[in-house]
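Chemist: As you go down the protein sequences, you meet chains A and B in turn.
Sequential numbering of the first sequence, starting at 3, is according to this note's numbering.
Sequential numbering of the second sequence, starting at 76, is according to this note's numbering.
Heads up, the beta-carbon is just placed ideally off N, CA and C, and yes, glycines get one too.
Just so you know, these numbers come straight off a predicted model, no measurement behind them.
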Amino acid sequence: MSTANQAGAAVSQRWPRIGNRSKRVLPGFGLSLGISLLFISLILMLPLTGLVMEVSAMSFDQFWFVITDPRVVASYKVTALAALAASLFNGIFGLLLAWVLVRYEFPGKRLIDAVVDLPFALPTAVAGIVLATLFAENGWYGQWLSKLGIEVAFTPVGIVVAMAFTSLPFVVRTVQPVLEELAPEDEEAAVSLGASDGLVFRRVIFPALWPALLTGVALSFTRSLGEFGAVIFIAGNMPYVSEVTSLMIFVRLQEYDYAAASAIASVVLMVSLVMLFAITLWQARYLKRIEGR
Amino acid sequence: MTITVDGINKRFGKFQALNNVSLNIPEGKLTALLGPSGSGKTTLLRIIAGLESADSGRVSFSGKDVTKLHVRDRNIGFVFQHYALFRHMTVAQNIAFGLDSLPRKQRPSKAEIQKRVGELLEMIQLPHLANRFPAQLSGGQKQRVALARSIATQPKILLLDEPFGALDAKVRKDLRRWLRNLHDEFHFTSIFVTHDQEEALELSDQVAVMSQGNVEQVNEPTELYARPDSRFVFDFLGQVNVLSGDIKHGTLSQGSAWVTVPDIQHQGTAQLYLRPHEVRLATAPAAHANLPLRIEAVSLIGSEVRVELRPEGWASEGSDNIWEVGISHAEFNQQRPTRGDLRYAIPEVGHLFTGKDTQPATVNWDEAKLSPRIRLIN
Chain A
3 MSTANQAGAA
13 VSQRWPRIGN
23 RSKRVLPGFG
33 LSLGISLLFI
43 SLILMLPLTG
53 LVMEVSAMSF
63 DQFWFVITDP
73 RVVASYKVTA
83 LAALAASLFN
93 GIFGLLLAWV
103 LVRYEFPGKR
113 LIDAVVDLPF
123 ALPTAVAGIV
133 LATLFAENGW
143 YGQWLSKLGI
153 EVAFTPVGIV
163 VAMAFTSLPF
173 VVRTVQPVLE
183 ELAPEDEEAA
193 VSLGASDGLV
203 FRRVIFPALW
213 PALLTGVALS
223 FTRSLGEFGA
233 VIFIAGNMPY
243 VSEVTSLMIF
253 VRLQEYDYAA
263 ASAIASVVLM
273 VSLVMLFAIT
283 LWQARYLKRI
293 EGR
Chain B
76 MTITVDGINK
86 RFGKFQALNN
96 VSLNIPEGKL
106 TALLGPSGSG
116 KTTLLRIIAG
126 LESADSGRVS
136 FSGKDVTKLH
146 VRDRNIGFVF
156 QHYALFRHMT
166 VAQNIAFGLD
176 SLPRKQRPSK
186 AEIQKRVGEL
196 LEMIQLPHLA
206 NRFPAQLSGG
216 QKQRVALARS
226 IATQPKILLL
236 DEPFGALDAK
246 VRKDLRRWLR
256 NLHDEFHFTS
266 IFVTHDQEEA
276 LELSDQVAVM
286 SQGNVEQVNE
296 PTELYARPDS
306 RFVFDFLGQV
316 NVLSGDIKHG
326 TLSQGSAWVT
336 VPDIQHQGTA
346 QLYLRPHEVR
356 LATAPAAHAN
366 LPLRIEAVSL
376 IGSEVRVELR
386 PEGWASEGSD
396 NIWEVGISHA
406 EFNQQRPTRG
416 DLRYAIPEVG
426 HLFTGKDTQP
436 ATVNWDEAKL
446 SPRIRLIN
């Protein structure tokens, strides 16, 4: 009896079963994981593989030549800087918006809460056209801004505006639940220990908030890197000045140069992936510390 | 520092949380605010701390009006039920928070803060955990850290909101003793909120019993237990057995149960309150009382044997309809009461509430005359 048990234990130790069936209480682990993996493969991995296949048909020299084309390199700079500016703006404004939505009660709060998601629901092209009309020199905003000597439409500033518009919900929606879960006692404890409001925010609220804020900003940034619809209408698309990378991909596609389009796309993809992984890893380490896992 | 609360009213929407509450907390004493949930005890504590503002009334510390003073300027230590430690800071950083937050002029040097934190860690007996994060501590350890954090800036007043509420029984007992020692050593004026009457009676110098936004009674624990001056306090502090009935010609009766109440002029409804130790059990009724009860359960754990009985032919007040009587282990061994036996409760001292009176009259049946047995208890 005991030897049989020991043998069994030894076997199960040597061959750990995937999912450890004997201990699982919730049914359907195998099925749900299988379906999830299938869909991830079909919807995410397969198209990405196609992209890589397309690129791998090129030689490295060809690839390098395409992705280091001066006009394309200029577009990287414009895109990255505009995305950075837009995501930083969203980091500040999105935090403020989330703060207001969580901390205060005011009439119309639910309406504003709903409106925050509008950039997700609105077709980006519509957003682009609306922004372009508003910020054009004779538009509602544009006519006032041009008096101040600020041009938005058809300049890189316009790109920032379009990117910020389409990616704002990322910040608000990642920060909001964390703010809601903050225990009021933490702030009360800090205040009872004599901390000023600024200090409470800096040393108690912000440390709890910033993993989420950083995630939101990173999501906003990566989304902005690939923004196309909203940007092209307002950007003016002048070579070397206000062309974004996704437009370069589009241009290559129109020239039926699929390989070049894929090569440029793969650069955007790599940057996005590296950013997301880096954030996830860093965040896991930070959260491990405060959650004690 | 004495704490004076004067005519505090507080309303949350339609709910009157505090109803014209006035209270004096003497300097250097440990006072318990005791009451069931919803009695307003936590709200009162938070108003004293300044975390909540009263609709009307005054709070003063040593005669100085602090009603309008912000929490951060009241210089109090506040301990929360769920610790409220800062999760992203180490134990040492948590304890240092109050000192770090002082305005630059009053802030001690870095080295001095470190030294102070070290001393506090020694005091809570956790110096080896200085660099851990709160998530890595047990509940008892967290509450010690929270206490150390709240007294780091040496406040004169320590306010604790159900400080042991989230801990298990054993840790709670240890921590209670430790808090008492801490209080005696540092001479705070402390107030702690609890719904646990045992905790309040054991730990405090003075207990304020609260109910429905009112302070019912304030007294020392022993006095409070011996002389509760309202039905609520009587009910809330410890187990109590109640015979509710009508008094006619000096006899309180209900159903088959009756008790003579000598020297009571009152006629009509009345309640007789009896503590478990004020009653003994006999196999036959006495000349002054006939209270038949059937034994429901016998519990041997503790210094006394606890017998639970169900009234036979009458009803006790309260939803569970149970009387509880404590007998000594010697008595138990002699009599061997078992479940289902019929017994008669013989009251020795009782407290009679008549009509709408809030003050009870003490009824003393002359023990020597009625029963030759000498009580061993006390």
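1) For A:Ala1 and A:Trp212, I'd like the C-alpha separation in whole angstroms.
2) Going by alpha carbons, who is nearest to A:Thr176 out of A:Ala237, A:Asp199, A:Leu215, A:Ile152?
3) Using DSSP bridges, identify the partner residues of B:Trp333.
4) For the segment 201-212 of chain A, which residues have a CB atom closer than 8 Å to at least one CB atom of chain B, in sequence order?
5) Of the choices B:Gly325, B:Glu423, B:Gly343, whose alpha-carbon is the least far from that of B:Thr335?
6) In this structure, what does DSSP give as the bridge partners for A:Asn239?
7) Among all the DSSP beta bridges, which residues are the ones paired with A:Phe279?
8) By DSSP, does A:Ile266 sit in helix, in strand, or in coil?
9) Measuring straight from C-alpha to C-alpha, what distance separates B:Thr264 and B:Ile100?
10) From what residue to what residue does the beta strand (DSSP E) around B:Asn289 run?
11) What do you reckon, are the CB atoms on B:Ser319 and B:Glu392 nearer than 7 Å?
12) What is the rounded straight-line gap between the Cα of B:Val141 and the Cα of B:Phe153?
13) May I ask you to list, following chain order, the residues of the segment 181-195 of chain A that have a beta carbon less than 8 Å from some beta carbon of chain B?
14) Indicate the three-state DSSP secondary structure (helix, strand or coil) for B:Ser446 in the structure shown.
15) Using DSSP with H/G/I as helix, E/B as strand and the rest coil, what is B:Gln410?
16) Beta-carbon of A:Ala286 versus every beta-carbon of chain B: anything under 7 Å?
17) From this set, B:Gln229, B:His163, B:Ala223, which residue's C-alpha is nearest B:Gln211's C-alpha?
18) Give the single residue among B:Asp81, B:Glu237, B:Thr165, B:Val192 whose Cα lies nearest to the Cα of B:Pro111.
19) Which bits of chain B does A:Arg291 rub up against, with CB to CB less than 7 Å?
20) B:Trp440 to B:Gly425, Cα distance in whole Å?
21) From which residue to which residue does the beta strand (DSSP E) around B:Trp253 run?
22) Give the secondary structure of B:Val380 by DSSP, where H, G and I count as helix, E and B as strand, and everything else as coil.
23) Please identify, using Cβ separations under 7 Å, the residues of the segment 144-170 of chain B that lie next to chain A, in order along the chain.
24) Assess, as a yes-or-no matter, whether the segment 248-268 of chain A is touched by the segment 215-226 of chain A under the definition of 3 or more beta carbon pairs within less than 8 Å.
25) Can you have a look at B:Gln346 and say buried or exposed, based on whether 16 or more other CB atoms are within 10 angstroms of its CB?
26) Measure from the C-beta of B:Gly215 to each C-beta in chain A and report whether the shortest distance is under 7 Å.
27) Please report the distance separating the alpha-carbon of B:Pro337 from that of B:Ser378.
28) Out of B:Pro386, B:Asp148, B:Ser403, point me to the one whose CA is closest to B:Ile32's CA.
29) Near B:Tyr46, which residues of its chain fall below 7 Å by C-beta distance, leaving aside the five closest residues on each side in sequence?
30) Of all the residues that make up the segment 75-88 of chain A, which are near chain B by a beta-carbon distance shorter than 8 Å?
31) Whose C-beta lies closer than 6 Å to the C-beta of A:Phe172 among residues of the same chain, with five residues either side of it excluded?
32) Return the first residue and the last residue of the alpha helix (DSSP H) that A:Val296 is part of.
33) First and last residue of the alpha helix (DSSP H) that includes B:Gln168?
34) Counting C-beta neighbours from all protein chains within 10 Å, is the total for B:Val400 16 or more, i.e. buried, or is it exposed?
35) Expressed to the nearest angstrom, what Euclidean distance is found between the alpha-carbon atoms of A:Ala191 and B:Ile78?
36) If we cut at 7 Å on Cβ distances, does B:Phe172 have a partner in chain A?
Modeler: With the given structure in hand:
1) The first residue shown for chain A is 3 and the last is 295, placing residue 1 of chain A beyond what the model contains.
2) Closest option to A:Thr176, Cα to Cα, is A:Leu215.
3) B:Ser328, B:Asn365
4) Within the segment 201-212 of chain A, contact with chain B at the beta-carbon level (separation under 8 Å) is assigned to Leu201, Arg205, Val206, Pro209, Ala210.
5) Of the listed residues, the one whose Cα sits closest to B:Thr335 is B:Gly325.
6) In the DSSP output, where bridge partners are listed per residue, A:Asn239 has none listed.
7) None, per the DSSP bridge assignment.
8) helix
9) Distance between B:Thr264 and B:Ile100, taken at the CA atoms: about 8 Å.
10) 289-294
11) Going by C-beta atoms, B:Ser319 is nearer than 7 Å to B:Glu392.
12) Going by C-alpha positions, B:Val141 is about 16 Å away from B:Phe153.
13) Answer set for the segment 181-195 of chain A: Ala185, Glu187, Asp188, Glu190, Ala191, Ala192, Val193, Ser194, Leu195.
14) With a pLDDT of 46 at B:Ser446, under the threshold of 50, the modelled position of that residue is not reliable, and the figure given next carries that caveat. Three-state DSSP puts B:Ser446 in coil, outside helix and strand.
15) helix
16) no
17) B:His163
18) B:Glu237
19) Phe208
20) 8 Å
21) Segment 244-261 is the alpha helix (DSSP H) holding B:Trp253; no beta strand (DSSP E) there.
22) strand
23) Cβ contacts with chain A: Val146, Arg147, Ile151, Phe153, Phe155, His157, Ala159, Phe161, Arg162, His163.
24) At 8 Å Cβ cutoff, the stretches do not touch.
25) It counts as buried.
26) no
27) Cα to Cα, B:Pro337 sits roughly 33 Å from B:Ser378.
28) Outside the modelled stretch of chain B, which goes from 76 to 453, sits residue 32 of chain B, for which no answer is possible.
29) A question about residue 46 of chain B goes unanswered here, because the residues of chain B that appear run from 76 up to 453.
30) none
31) Gly218, Leu221, Ser222
32) It is not possible to answer for residue 296 of chain A, since the shown part of chain A is limited to 3 through 295.
33) 166-175
34) buried
35) 21 Å
36) yes
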